[in-house]
Ligand SMILES: Nc1ncnc2c1ncn2[C@@H]1O[C@H](COP(=O)(O)OP(=O)(O)OP(=O)(O)O)[C@@H](O)[C@H]1O
Ligand SMILES: Nc1ncnc2c1ncn2[C@@H]1O[C@H](COP(=O)(O)OP(=O)(O)OP(=O)(O)O)[C@@H](O)[C@H]1O
Ligand SMILES: CC(C)C[C@H](N)C(=O)O
Ligand SMILES: [Mg+2]
Ligand SMILES: [Mg+2]
């Protein structure tokens, strides 16, 4: 077991525990940067997709994982970001500007939405945001002059610093774009968490009364959290639009909102890692199931889809298993595995057995 | 006259929402878990009744098969709790929400596998029957929905308010630890409530399938019923009914008087407006914590 | 002018008058204790100062400001910090992070600079930590510094609450039953801490407490309340010998 | 002496990887009041929780009336006659005072007795009667504590586990509480296991005492013996030479560590 | 080197809905297609090549559909697509297929955009929703002297297209378009909408809603005594179950589609053989969309055969353009040409009579 002695305040402030951990992260970063040379187009595309979901997950994590405000409507903000980006591009705004602006606009809209949502808690907030998510479909239809209504919109390749970025034509360039955004958002998130604003988010999540008593303006903090969350989600939406190249009112459904929430819960609420782990599960597991189906088919014979919807059924079962197995999310499980290795051989067999736990009402605020 | 007709059919429709909402509220009231699979349980209940009743399947007489399906759904509800939900005892509510959403996927898949994806209607003696009051027409099924919903709401309300078990359920939802300290078998109580919710889902499903038809994605109706429960004040049984009625009555009037393109938005717009002005519903169930 | 002025304040919950035309002042630099039977309205007085409730009538002024004009979060900004009778900590954060939230009112950086963690943010963070570590030392919390609140024993949490309140560097510190749940030994520690808080840090203390030993040990003046109204006000000795207080609160033996 | 009503043998309890109880054994005899003293974090609450079944011990046995009860579901343990008045009140916040009391008697099917107990509780704590329709969550801290104790009394216990019952009560009520406990013990023969910070009152009431430190029992003896012990006097009873502490905070080392 | 073709195999992809809101369409269609391909493979394949038909389930969600396209194009490297379901999904797919010239055949969407430019690699089997609604409306107006056409629709591309088709049909018949109402997929009470249409004097009402909703609308109208209102569905409501609803609820409901009902013709040789074959393979009765899947597969195989052993995307497209045959199973005539990439051009107006669909008219 490595024991880190604290000798300097900076040790708590900088985002890595020690050089060892830092080097691990740097290796990971190097690996993902060179991914286009390692992976074929299919897997690169899937990795891109997972990263886009992870960005969306980071967005929702700010709000739900760190500020404790459950949203079942974040697909609405994906849509917002996506449309804002494309409409700006159509107006001739260069991508370098259009993309950040798309997030910013979504963030501002999110903060505005937060104003009426401020007095809502828990399930009431969840259903409020869900209603927004359901309405966004109709809003897109009603704002046809800008949104293209039901016929939707098409977004072609974009260019960034002279580089042609095209999901299908230059998948590696698109991947790097997404990776760049992912890294930037993650760094911003880390910085947030070690700054006063990030701590005030956690304060609001854990106890609104004492946050107030410490001088945290709860309403303002929630607005900020909504704004930031929606901004990041908006970027994810813009990337999703570029990834799909075509989208309309039926693209960002409430089901996607639900999947986003599932993703961060399965990954582990309240941790950055959780957003990534969850994105792998929600983003890649269905593909994995679909691919493994071929091999199952090869072994047991019969190429055809015998049971329609089987993958979704199995996917549901696996999600259930994940949650039953580790209600604190995959990141919680990962931490345990790591502790196990660190303590080796001084672990006890039932060290991580769940002690009985009990809930109290959430109807008191 | 027109208005009255809209009102009456809105009420009947609202009762269906109320009935599904009751299932949500039941589980919430006793466990503070939000069961997002309630709509899917209703769909399953409907299909079980169809499987027992309809000529192409087992063709049992209507009444016994209705009773049987309510029983089966009660058992399914209990087993769901016993073998799935209970493993999550004491874990965060969000995790339970996600769990029930995933359960919904699985239920939809199973139903599709057994009964296919096309709509099925429940063969029933009420079909085609109607009650006429002057110019007003009301289907027999609508009458049944209204009667059953009212009875069930008041029955459940009395159960929670008057019986020791009902009180214990409320206590268990507010503080599981304290409930145990009082000797309440919290897990068994929760199993009971899931059984009850299963039975209520079956009743809702049967009435729904008799009134129209069901397919595996019918469960999505649960979302609107959920909205209804929230409007009423999540956790309040009369609230579920009132919320259901508001949404139900809202719909025909919106469809009648609001321009196309906007009318279908009305229930959700109402929900949003409602929450802005009454952040915890009509019969608020939340309190400010005393410190 | 007194530091805190409570003037003819009344608060009702439905038919129940929890605070009834109550007036008192807390002077700068003193330790002022409130005692009284359970349900007398002591915590409610704190909650009024924290602006969790709007009084039905009366005025509350702090350091020349009308507290009724500010939001609950504004009270801390003026320099009032508090602890809670039933402990309200940020359960899923470490002791250190809890204390750092206490520094919130000294935040001078913008969201943007925090997202980039600019040198000014870093400087502020180092400064915050400096203050917080001093408090951790002062209250002997080193062993718990990086522990989650959720796993701490009751007594330690009480101390963390005091620490978090101190981290705001307040002018006035409100302590709601700081010694309840503490052992005799720990209560003695608390007594010296309160003493030091007043003497060394120059912080005025307003405290609700049932432990008469602690009350008479540290406080300059004591207000005894019953049914939301003033029963007696004076030095600890005066109040303790007041027959009405003995009758309603202390009992014969004490 | 006869066999103990409650026997705890070598109990170990964990919070995840943290060992909070490290092999505790104790006996509570029928009709006795046994008190546990100990500093913050000694593990007193954890021990109580382990006995009442809301936590599972890793090792050891708990024997109540000759039945092994460790690791059982908590409601079974209550039905067996062990009632726990927990630390930190734990009332049902959205139920009224009356409803809270009714739930306290959940295991009791004798209606007449339940009503008798309710009157008894109202008798002890008149304020609860006055507030019988108030939601428990809006009671003051001390009122909630009264409710918690009252609710415990409703359960018709054979043995009561009391975790800091005097927490947050006014001095007058503290005296009354100890009087009530004594009467319950003497008149109704209720056995009690009591955790109290107010050590002098606790020892005065108790027949026997244990001292816990960091998850272990470090001392035990009859209440009189403990009261005479110098360590106990210093650390739990606050008998101290004021002069020494006046200048600077200074701590004597405990002799048993 | 042609993508998706080897000496022994042809890979065909499909991005379909097997578990979402259109599973009632996608699932049976996939089964039907598989049935036909299995049969062809068992008989030795096409020019010695076995057909591998790979279906990805998108549950009617765009992100999943994009993943499906990524897998099929970049991993499985399919030769062509067949019966991709959903308008937005197909259109998104075109962006990838068009540059590589990958054919998209018989999509499960009857939107006009299925033949958007470049039309070269796109082939639909049937008339568009627009034409169905147009022809149906015109027929009802002419036949029954309807005066006011109206539409009840979901505000989606499908709904909007039916709306436009209805308006066009009304204009062609010289009647007015009177009113429209919009809906959500989870709406289940239509009394309000119907009384609005009643007040507007509608006597021809085209429907672009879910199957379950169409049944409820027709039933509610009966209950309200709106017996003069004629309801017209498109292929999206043209299901056997709709005709079979107990209690005769849907009697007198019209649908305009590009094919004829399977079970209404269950005694004719081709449908009869198909029903038997399907039952033998899956142990359950086929539905209309099973038939369409089967027919689509058989059409693709015809074209593959015609394309000869030197199979390329281009030769396949050329071969498709030569197809001209009557499909007895589906009950329509398929013909393509260099400038005609829509197979069946006819629209059949049919009505529910005694629990069966009956053909009234074709155009
Ligand atoms: N939200 C509320 N609704 C109704 N009554 C309330 C509410 N809050 C407090 N009360 C009542 O107001 C009175 C004063 O409560 P408060 O908490 O101030 O008492 P306290 O003096 O702090 O008592 P303790 O020493 O027990 O903590 C009590 O009788 C309590 O029941
Ligand atoms: N939920 C928890 N998770 C992790 N550790 C815990 C948890 N609860 C208690 N502990 C640890 O177990 C030990 C014993 O705690 P316990 O609450 O039993 O002490 P106590 O003697 O009752 O203290 P107090 O007098 O303050 O109530 C402490 O060291 C504490 O840190
Ligand atoms: C098969 C069809 C009903 C599909 C649907 N109408 C669509 O265009 O997406
Ligand atoms: Mg108080
Ligand atoms: Mg304790």
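Chains as they are written, first to last, in the numbering used here: chain R, 538 to 902; chain U, 5 to 295; chain G, 8 to 261; chain A, 1362 to 1618; chain C, 130 to 492. Glycine included, each C-beta is placed from N, C-alpha and C at the ideal position. All values reported here derive from a predicted model rather than from experimental measurement.
Discussion item. Below 7 angstroms on C-beta distance, what does residue 163(G) contact in chain A?
Written reply: Here the neighbours are 1401, 1402.
Practice prompt. Would you check whether ligand 2 has a heavy atom nearer than 7 angstroms to the C-beta of residue 1401(A)?
Written response: Under cutoff, so the answer is yes.
Item to complete: Could you please tell me which residues of the stretch 101 to 130 of chain U, in chain order, have their CB closer than 9 angstroms to any CB of chain R?
Response: With the criterion set as a beta carbon lying under 9 angstroms from some beta carbon of chain R, the members of the stretch 101 to 130 of chain U are 101, 102, 103, 105, 106, 107, 108, 109, 110, 111, 112, 113, 114, 116, 117, 121, in sequence order.
Worksheet entry | Supposed contact pair residue 144(C) and residue 194(C) - C-beta distance, whole angstroms, cut 8 angstroms | Sure, about 5 angstroms apart at Cβ, within 8 angstroms.
Worksheet item: Is there contact here, the stretch 718 to 730 of chain R with the stretch 694 to 704 of chain R, by at least three beta-carbon pairs under 8 angstroms?
Response: Judged by Cβ distances under 8 angstroms, the stretch 718 to 730 of chain R makes no contact with the stretch 694 to 704 of chain R, as fewer than three pairs qualify.
Item to complete: Give the range of the alpha helix (DSSP H) segment to which residue 83(U) is assigned.
Response: Counting along the chain, the alpha helix (DSSP H) containing residue 83(U) begins and ends at 66 to 87.
Discussion item. Can you list, in chain order, the residues of its chain with a C-beta nearer than 6 angstroms to that of residue 1447(A)? Leave out the 5 residues immediately preceding and following it.
Written reply: Setting aside the 5 residues that flank it on each side, residue 1447(A) is surrounded in the same chain by 1524, each with a C-beta closer than 6 angstroms to its C-beta; the list follows chain order.
Worksheet entry | Residue range of the beta strand (DSSP E) that includes residue 900(R) | For residue 900(R), there is no enclosing beta strand (DSSP E), since its DSSP letter is neither H nor E.
Worksheet entry | Beta-carbon gap between residue 222(G) and residue 239(G) smaller than 8 angstroms | Not in contact: residue 222(G) and residue 239(G) (Cβ atoms no closer than 8 angstroms).
Worksheet item: Who are the neighbours of residue 255(U) on chain C, taking C-beta pairs under 8 angstroms?
Response: The answer, in chain order, is 316, 318, 321.
Discussion item. Please classify residue 1362(A) as buried or exposed, where buried requires at least 16 neighbouring CB atoms within 10 angstroms.
Written reply: Low per-residue confidence applies at residue 1362(A): pLDDT is 45, beneath 50, and the placement is therefore not dependable, though the value from the model is reported in the following sentence. Residue 1362(A) comes out exposed.
Fill in: Residues of the stretch 851 to 883 of chain R whose Cβ lies closer than 9 angstroms to any Cβ of chain G, in chain order
Answer in chain order: no residues at all.
Worksheet entry | According to DSSP, residues forming a beta bridge with residue 71(C) | No answer is possible for residue 71(C): the residues shown for chain C start at 130 and end at 492.
Worksheet entry | Simplified DSSP assignment, three categories, for residue 356(C) | Residue state for residue 356(C) is assigned as coil, using DSSP reduced to three classes.
Fill in: Contained alpha helix (DSSP H) runs [length at least 4] in the stretch 106 to 188 of chain G, N- to C-terminal order
Counting only runs that start and end inside the stretch 106 to 188 of chain G, the alpha helix (DSSP H) elements of at least 4 residues fall at 118 to 123, 126 to 145, 161 to 174.
Worksheet item: Hey, which unbroken runs of the beta strand (DSSP E) at 3 residues or more fall wholly within the stretch 266 to 311 of chain C?
Response: If we require 3 residues or more, the beta strand (DSSP E) runs fully inside the stretch 266 to 311 of chain C come out as 277 to 282, 305 to 311.
Worksheet item: Between the stretch 277 to 295 of chain U and chain R, which residues of the former have a C-beta closer than 8 angstroms to a C-beta of the latter?
Response: The stretch 277 to 295 of chain U vs chain R, Cβ under 8 angstroms: 279, 280, 283, 284, 285, 289, 290, 291, 292, 293, 295.
Worksheet item: Looking only at C-alpha atoms, which of 1498(A), 1485(A), 1408(A), 1456(A) sits nearest to residue 293(U)?
Response: The residue with the shortest Cα to Cα distance from residue 293(U) is 1498(A).
Discussion item. Please give me, in chain order, every unbroken run of the alpha helix (DSSP H) with length at least 4 that falls completely inside the stretch 206 to 251 of chain C.
Written reply: Within the stretch 206 to 251 of chain C, the complete alpha helix (DSSP H) runs of at least 4 residues are 216 to 229.
Item to complete: Helix, strand or coil for residue 690(R), going by three-state DSSP, please let me know.
Response: Here residue 690(R) sits in strand by DSSP.
Item to complete: Give the secondary structure of residue 458(C) by DSSP, where H, G and I count as helix, E and B as strand, and everything else as coil.
Response: In the structure shown, residue 458(C) sits in coil (DSSP, three-state: anything other than H, G, I, E or B).
Worksheet entry | Nonlocal neighbours in the same chain, by C-beta distance under 8 angstroms from residue 153(G), ignoring five residues either side | 101, 102, 103.
Worksheet item: Name the chain A residues that come within less than 8 angstroms of residue 181(U), Cβ to Cβ?
Response: Taking a Cβ-Cβ cut-off of 8 angstroms, the neighbours of residue 181(U) in chain A comprise 1415, 1447, 1451, given in sequence order.
Worksheet item: With respect to 7 angstroms, is the separation between the Cβ of residue 1447(A) and the closest non-hydrogen atom of ligand 5 below this value?
Response: Between ligand 5 and residue 1447(A), a heavy atom-to-CB distance of less than 7 angstroms is absent.
Worksheet item: To which residues of the same chain is residue 353(C) closer than 8 angstroms at the C-beta, ignoring the five residues directly before and after it?
Response: Cβ within range, chain order: 320, 323, 324, 327.
Worksheet item: Near residue 204(G), which residues of its chain fall below 8 angstroms by C-beta distance, leaving aside the five closest residues on each side in sequence?
Response: Around residue 204(G): 173, 180, 210, 212.
Item to complete: Take the Cβ of residue 257(C) as the centre, count every other Cβ of all protein chains shown within 10 Å, and call the residue buried at 16 or more, exposed below.
Response: Taking all protein chains in view, the Cβ of residue 257(C) is crowded by 16 or more other Cβ atoms within 10 Å, so the residue is classified as buried.
Worksheet entry | Segment limits, alpha helix (DSSP H) that includes residue 636(R) | From DSSP, the alpha helix (DSSP H) with residue 636(R) extends over 632 to 654.
Item to complete: Using 10 angstroms around the beta-carbon of residue 1589(A), count the other beta-carbons present and answer buried if the total reaches 16, otherwise exposed.
Response: Flag for residue 1589(A) reads exposed.
Fill in: Backbone CA spacing between residue 839(R) and residue 1431(A) [nearest angstrom]
Model confidence at residue 839(R) stands at a pLDDT of 47, short of 50, so the residue's coordinates are unreliable; what they give is reported in the following sentence. Roughly 54 angstroms between the two C-alpha positions.
Discussion item. Measuring only the C-alpha atoms, how far is residue 184(C) from residue 415(C)?
Written reply: Note on geometry: alpha-carbon atoms of residue 184(C) and residue 415(C) lie some 19 angstroms from one another.
Worksheet item: Using CA coordinates, which residue listed in 143(U), 114(U), 181(U), 107(U) is at the minimum distance from residue 1415(A)?
Response: Nearest option by C-alpha distance: 181(U).
Fill in: Chain-order list of residues whose beta-carbon lies under 6 angstroms from that of residue 1403(A) (same chain, five-residue window excluded)
Only 1573, 1574 meet the Cβ criterion.
Practice prompt. Starting from residue 113(U), follow the beta strand (DSSP E) in both directions and report where the run begins and ends.
Written response: Where residue 113(U) is concerned, there is no enclosing beta strand (DSSP E), although the alpha helix (DSSP H) around it starts and stops at 97 to 119.
Fill in: Selection from 279(C), 303(C), 371(C) that minimises the alpha carbon distance to residue 332(C)
Residue nearest to residue 332(C) within the set 279(C), 303(C), 371(C) is 279(C) (criterion: CA-CA distance).
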